[in-house]
Structure formats: C-alpha cells, structure tokens
Amino acid sequence: MSASSAVRVRFAPSPTGYWHPGNARTALFTWLFARHTGGTFVLRIEDTDRARNTPEATENLLDSMRWLGMDWDEGPVVGGEYGPYLQSERLPIYREATERLLEEGKAYYCFATPEEVEAMREEQRARGVAAPKYDGRYRDYPVAEARRRVEAGERHVVRFRTEPGQDLIVHDIVRGDVAFRSDDLDDFVIVKGDGFPVYNWACVVDDTAMRISHVIRAEEHLSNTPRQILLYQAMGYDLPRFCHVPVVLNTQRKKLSKRDPGVRSILSYRDDGILPSAVMNYLALLGWSSGTEREFFTRDDLVEAFTLERVSPSPSVFDVRKLESVGAEHLRVAATDELLEMSIPFFAALGLCADPPTSDQRTAMWSAVDLLKTRAWNLQNLAESSVYLLRDDFPLDPQGVSKRLLKHEETPTALEAVATALEATTEWNLEAIEEAFRTATEGGGFHTGNAIHAARMAVTGSQKGPGLFECLYTVGRERVVERLRRTAQRIRAGELTGE
RNA sequence: GCCCCCGUCGUCUAGUGGUCAGGACAGCAGGUUUUCAUCCUGCAGGCAGGGGUUCAAUUCCCCUCGGGGGUACCA
C-alpha cells in the first residue's frame, strides 16, 4: 500500500460538555475502521468555538476514550508528525490558507456586522424570499480598500466566494451519491470576526494537512459537505472519501444531546460498573450489524468484523435496557481474575475492603465475584449483593425474617441440626454440603424446603441469591456454622423482628 | 420556508422482485431451580400511507406523511 492510499482517519470532537453515547458511537466506528484496516487513528480537538469549549470537556473526552479502549495513534498527549492536534494551536496554518484564497480572489473580506446580516435575512423573509441568504454586499468591494480597513484594525470576517451553477456531488460510503447545488449556498463565512476559522474551513485545511483518507463523521455534517467540497476545489486539494454515519437518538427520537435530561455521560456507565467491552459492544450494534445473527462481540471481535459498508443509513434509538442486557452478558463470560481488579473500587466504595485490599480480602472478593458475576448486570450491583461474603454484620431482609425465620417453630432446631451436620463433614464441597444438609433435615424430621430458606436467611440475610449450597460453600464452614447457631439463638431469644 | 438524509415488530436489526419477513432486547406464558437471576420452551408484535412499474412488490420509481439534519461570525 502506497503512502497516499494508506488509511488515515480522525475523530474530531469539539470539547463542550461531557461525552455522551452518540459521540462515542461515531468515534467507535472511526476507530474500528482504522483498526480493521490497519490504518492510523488520529484524534483532533476542534476547539475553535472559544465561547463554548472547556478544558474539563477535553479531559472528560480523553478519559472516556481511554476507558472504552479506543487508543489514538496521533493526537493530544501522544503527539505525532502532523500536529499540533488542537485547532486553537493551528491558527497560522489557517491564516496562510486563507491568505491564499484571498489573493486568488476566491474569498473576500466582509465588514457587515452580525446584526447587519441578520437584518438582511429578516428583510428577505419579510419579502417572502424562500431561502434568505447573505446578499454578497462586500463581494465586489475594492480589494485595496478592504485591505486598508483590515490593517486599520476594523473587525471583519472572511467569506468564500461561492460561484452559482455548480453541481456538488458527495460520494458517500453509506449513502451513495448525494447531490447539492451551489445555488442553494451563499457566500459563507470561513474566518470569524475573532480571527478563528469556522468549522467547515478548519476541517478542510486540517484533513488535508493531516492526510486524512476517509472523513467519517455524524450525518449532521452531510449538509455541510458541499461547502467543504467547494473549499477543497478552491484550494486544489484532493477530496477524501466521505462517510456520514447515522446519529443516535433518544427515546423521544430526538438527537442525543448534552442538554438532554435522559442522556448520561460515558463515564457514568463506568461509574455504574458496566464493563467497557459491553458498552463498546452495545454501541457497535447501534447502526451496524455483522450481517449474521451474532450480537456478542469483544473488542477484538469487533475490530475483526467491522466494515463501513455494513453501517446502516438510518438513525437508531439508544436503549438502556439492551445496554444492561449486553452488560450482564459480558459480566457473565468475563474471567474472574480480570473482573476482580475492576471490582475493587466498587467494594472499597462500599467499605467492604481496604484500598488497596488485604490479601484475605482479595481472596474473599475473588470468591464473591466468581459466585455473583452470572447474576449481576454491573459491578456496582455485584458489590452491593456481596456484603454477606465480606462481612459478618450484614443486614437481614425484614420480610425474609418473618417469612423464613419466624414462621415455623421448628426453625431454630433445624438450623442447629444443620450446623452440627455441616461441622462434621469431612469434605467441604458442594456435594458433601448438600448431602449433609439433606441428611440432617430429612433425618431430623424437618421440612427441607423451609430449612433451606431459613439457612439462606441466616447465612446471607437475603431471600434471593445463588443456590444455597453454593452460598454455604463460598461463605465457608466456620462462618456458616457460626451464623446458623447464632441465628437459632436469636430466634429463641426473641431478638429478631420481621415486618 | 428552502436544501439534504432517513422510514422492517415497542427498541436494535437481518433480508429478498416470488421468504412461513429471520434474530436480539424488552413484554407475556410455561418449564428447570430451595429463592431471585441465569437457562430452556412457547406466545404476542413489523415492512408508515397512496399511487405506479411488473405475472409478482417489503424490495424499484413517484407523491404524501412522519422523523432527523443543514440553512450560524456552533461544531
């Protein structure tokens, strides 16, 4: 593959607010395409909107991408030979390109104020003009005079001279050819009054300078593309391939936005303890399918299977329930060792272990994770349901107390019989536990089902959970026996109250 | 208003000029289980509407409707 045909793609976010699933999905498709093709993934920060950009937003973005495992080959932090990767640091590059357009008469200075332009449009609307546009009042303004005013420090913008009568075709990978006419465009601004380039201009200059081969971005930019094509042509640049991927919608079928009350940041999913591989898997399913019935993909699977040709053109709705389902699936199949490391912050936050945990705590947490990972949908939830595995003072479900511990008179005796039997087994494994348990209840004339429920309450405090014998096995003989006897005592002493 | 994109179960999607329109999530009903979850089985649910083209349209074309985006000195 020659240098000119090498795949180089970029993700070019503007750092405003936090990073939400819609942004992440577009980044993901771009990243997957780069990794699938063995190309280069560039991260470029489009911070030309000085009023809205914040440094926190950039940090949030970088953290989010790192957490999801989308690594970038060039960009902030890592650098690269086509930097700088912050548009605010590339002003001289835009200035030079703008100067060229100005010299060639393809762009011109305009001194109309924003208010003046708005009034112009307003006036056209009042006259019933179908498509109000900038009227080109500085189009033929004497160049020397314009230069003089600019040099005198007068506030101005630079506008592109749009020639009418041109057909502008966007060859789009997911949408095919999309046709626009230059007649529908006006002489749009390319450099703002503050000297910063507008998105359409910075983007064209940078994508060319950075040798971007495929411009992959959200569909909302499709309508901007004809303007960009005009700019590419004016500069004599080669066109990249374009690929406009569908946007992600909320349940009201509106575009996901940072102002959307129902939308959460990517990092909030991390804070819930959903696995990053699950979030990536779910996001990939929004607007892409493998063409098979397969829906479970690891990160590597996705890299292997992803192609732009299988990206759908239609927008999709973000469905939290499916995310949770995918999250649970990834948790179920994950290796316990791996999960343990990710779980520690969640255990620590609940006060269930020290940070860093002791060696005993690690052992206990490993067992807890191994026991509970098939029934949790995130690590937060997993940690919350493992209190009884890590501490002896766990809460008792009051309803369970009434229903499982206080209802039958024989319960304390049955618990003691079970305790004695379990204490005496030679082996401590599932089979031995179950056998000892059943022998003790059946032999003692106790109702086995009731005893099982009572033992669960005594040992875990809950009516729910994994199979009882698994719970007993994981909690450990000594603690099981202690809990059974203590609960029996407390029942007799009338210390327990249900609801 | 004008320009552009999109339209298969509630949601994510597969799909073809002739298919019983397939799967997943969610829902519902059973089963398994000592409980909950998992798991298994089953049920319900869709080609937005109207015109064409065609022997035959969910599929191709047009219109309407609906949704989205652009029309900024936001990106």
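Residue 1329 is where the first sequence starts when you use the numbering used here, and the numbers rise one by one after that.
Using N, Cα and C, we set each Cβ at its ideal position, and we do this for glycine too.
A straight-line Cα-Cα distance of about 42 Å links A1682 and F1634. Using a Cβ-Cβ distance cut-off of 8 Å, the stretch 1655-1662 and the stretch 1592-1611 are in contact, since at least three pairs of beta carbons, one from each stretch, lie closer than that value. With 16 or more neighbouring CB atoms inside 10 Å of its own CB, T1365 falls in the buried class. Annotation: Q1791 to F1369 spans about 50 Å, alpha carbon to alpha carbon.
Here DSSP, grouped into helix, strand and coil, assigns V1457 to coil. Judged by pairs of C-beta atoms under 8 Å, the stretch 1716-1723 does not touch the stretch 1756-1763, as fewer than three such pairs exist. In the DSSP assignment, A1379 falls outside any alpha helix (DSSP H), carrying neither H nor E.
Selection W1347, D1505, F1625 and N1381 evaluated against Q1415 yields N1381 as nearest (Cα-Cα). As the crow flies, the alpha-carbon of Y1565 is around 55 Å from that of L1710. Judged by their CB atoms, R1336 and I1540 are nearer to each other than the 8 Å cut-off. The continuous beta strand (DSSP E) containing I1497 extends over residues D1495 to D1500. Under the three-state reduction of DSSP output, A1507 falls in the strand class. Among the bridge pairs identified by DSSP, H1572 is matched with R1545. Each residue's CA atom was taken as its position, placing E1417 and L1430 some 22 Å apart. For Y1437, the uninterrupted beta strand (DSSP E) segment begins and ends at A1435 to C1438. Cβ-Cβ distances below 7 Å link G1728 to M1785, S1790 and Q1791 in the same chain, with the five nearest sequence neighbours on each side left out; the list follows chain order. In this structure, the straight-line span from the alpha carbon of E1744 to that of R1732 is close to 15 Å.
The residues S1695, L1699 and L1717, in chain order, have a CB closer than 7 Å to that of T1802 in the same chain once the five nearest residues on each side in sequence are set aside.
The three-state secondary structure of G1826, taken from DSSP, is coil. At the C-beta level, P1412 and V1498 stay beyond 8 Å of one another. Of the other Cβ atoms in all chains shown, fewer than 16 fall within 10 Å of the Cβ of K1735; this residue is therefore exposed. Cβ neighbours of T1788 within its own chain (closer than 7 Å, five residues either side excluded): Y1716 and C1799. As the crow flies, the alpha-carbon of A1704 is around 30 Å from that of R1581. Residue burial is scored here from C-beta neighbours: A1816 has at least 16 other C-beta atoms within 10 angstroms and is therefore classed as buried.
Each residue's CA atom was taken as its position, placing P1740 and R1807 some 17 Å apart. Residue burial annotation: N1757 is exposed, with fewer than 16 other C-beta atoms found within 10 angstroms of its C-beta. Inter-residue distance for A1742 and G1826 is about 19 Å (C-alpha atoms, whole angstroms). At a cut-off of 3 residues, the continuous stretches assigned as beta strand (DSSP E) that sit fully inside the stretch 1344-1415 are 1368-1371. Segment contact: the stretch 1371-1386 against the stretch 1619-1634, fewer than three CB-CB distances shorter than 8 Å; contact not assigned. Residue state for W1756 is assigned as coil, using DSSP reduced to three classes. Excluding its 5 nearest sequence neighbours in each direction, G1464 has C-beta neighbours in its own chain below 6 Å: D1515, listed in chain order. Secondary structure note for I1421: its alpha helix (DSSP H) is the uninterrupted segment L1419 to E1431. 8 Å or more divides the Cβ of V1533 from the Cβ of Y1410.
A contact between stretches requires three or more CB pairs, one per stretch, nearer than 8 Å, and the stretch 1525-1532 meets this requirement with the stretch 1556-1570.
In this structure, D1399 sits away from L1595, with a CB-CB distance that is not shorter than 8 Å. Rounded to the nearest whole angstrom, the C-alpha separation of V1654 and D1535 is 36 Å.
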